[in-house]
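*Asks:* This is the structure I have questions about; it appears just below.
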Amino acid sequence: MNIITVFGTIILGFALLLIAGVVFFSFLKYIKRKYYPAWKFPDYISVGYAEYLYHKYIRKDLPR
Numbered sequence: 012m013n014i015i016t017v018f019g020t021i022i023l024g025f026a027l028l029l030i031a032g033v034v035f036f037s038f039l040k041y042i043k044r045k046y047y048p049a050w051k052f053p054d055y056i057s058v059g060y061a062e063y064l065y066h067k068y069i070r071k072d073l074p075r
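Going letter by letter, the sequence shown gives residues 12 to 75 in our numbering.
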């Protein structure tokens, strides 16, 4: 019975964690829809521009 109890506790904890995650992200989505309906944010960056920024600010090998 001890192994079954431990297994059940682990599964219950995992399920509660998933439920808490769903509630949290649903709340974030509600905030976004209510207060920021037309918010635009670029979710990607072109590889060429990322390489340009890397060489400009990190490697500093581009002429000014």
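Virtual Cβ for every residue (Gly too), placed ideally from N, Cα, C.
None of these values were measured; they are calculated from a predicted model.
Give the secondary structure of Y76 by DSSP, where H, G and I count as helix, E and B as strand, and everything else as coil.
*Replies:* One cannot answer for residue 76 here, as it falls past the ends of the chain, which runs 12 to 75.
*Asks:* What is the DSSP secondary structure of K71, reduced to helix, strand or coil?
*Replies:* Taking the sequence shown and counting its residues from 1, the one referred to as residue 71 is at position 60. Coil.
*Asks:* For the alpha helix (DSSP H) holding Y99, just list the boundary residues, first then last.
*Replies:* Nothing can be reported for residue 99, as the shown portion of the chain is limited to 12 through 75.
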